[in-house]
Amino acid sequence: MKKATFLLPLLFILISSLRAATPPSKSQMVADWQRAKAYTKEYLDAMPEAGLSYKPTPEIRSFAEQMLHLANANFNFAAAASGATNPYQGKNLEKMDEFKTKAGLSKVVLESYDFVIAALNKVTDAQLAENVKVFNQDINRGLAFDKAFEHQTHHRGQATVYLRLKGVTPPGEKLF
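Residue numbering for the sequence shown is -20 to -1, 1 to 156, as defined by mature numbering (1 follows the signal peptide of the UniProt record, and there is no 0).
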């Protein structure tokens, strides 16, 4: 009985840790990217047009540049991970005047999410395990998509400070 009392919780912990280590399915990754797109749109909608060029300090990116950097990375990561052609290959979105307006900024940022989602939908589960070169690193495609997700989360999170400093309440968290 003592062994069963000890082994049962241990077995539960082992099973739980194995489940936690299982990478998300492609369908879960797509759902996460769709949620992230909607969440980022709320950030874009929340910042007034006049706040797009706002920089908390002179040496860092403006709100628009943060979002354009996020979009640039979405395009680059997804292209590298999937083999799809980046429609902005070789271009620095942060320097393009057509994306300095709220309409232009929102269009290209949301387009970057659509690009990632389409790229994810085109790769198979087996292909997600294949290695590709991303920023001179050999990693599997699934990890490349995960790193892209981590990156966009980081920069959207930075945008929270910009909104607060402009007197705007940022959108509420969207974990699910």
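The beta carbon of each residue, even a glycine, is placed where N, CA and C say it ideally should be.
Limits of the beta strand (DSSP E) - the one that residue i falls within
{"i": "Q117", "result": "Q117 to N120"}
{"i": "N111", "result": "N111 to V114"}
Residues near residue i in its chain [Cβ-Cβ closer than 6 angstroms; skip 5 each side]
{"i": "A(-1)", "result": "At A(-1) the pLDDT is 45, less than 50, meaning the model places this residue with poor confidence; the figure from the coordinates comes in the next sentence. If we look at A(-1) and ignore the five residues flanking it on each side, it has no Cβ neighbours."}
{"i": "S92", "result": "A51, N54 and F55"}
Limits of the unbroken alpha helix (DSSP H) element including residue i
{"i": "M47", "result": "F43 to S62"}
{"i": "Q69", "result": "First-last for Q69: undefined, no H or E at that position."}
{"i": "I97", "result": "K82 to K102"}
{"i": "Y34", "result": "Segment: none, Y34 is in no alpha helix (DSSP H) and carries neither H nor E."}
{"i": "D77", "result": "First-last for D77: undefined, no H or E at that position."}
{"i": "L24", "result": "K6 to A26"}
{"i": "L108", "result": "D105 to L108"}
Cut-off 7 angstroms between Cβ atoms - residues of its own chain near residue i, not counting five sequence neighbours on either side
{"i": "L73", "result": "L48, A51, N52, F79 and V88"}
{"i": "residue 162", "result": "As shown, the chain starts at -20 and ends at 156. That puts residue 162 outside it, with no answer to give."}
{"i": "E110", "result": "N120 and R121"}
Close beta carbons around residue i, own chain, < 8 angstroms, minus the five adjacent residues each side
{"i": "I97", "result": "V10, W13, Q14 and K17"}
{"i": "A106", "result": "none"}
So, do the segment 132 to 145 and the segment 38 to 53 have three or more beta carbon pairs nearer to each other than 8 angstroms? Verdict: yes, contact present.
Could you say if the segment 41 to 50 and the segment 116 to 125 meet the contact criterion of at least three C-beta pairs nearer than 8 angstroms? no
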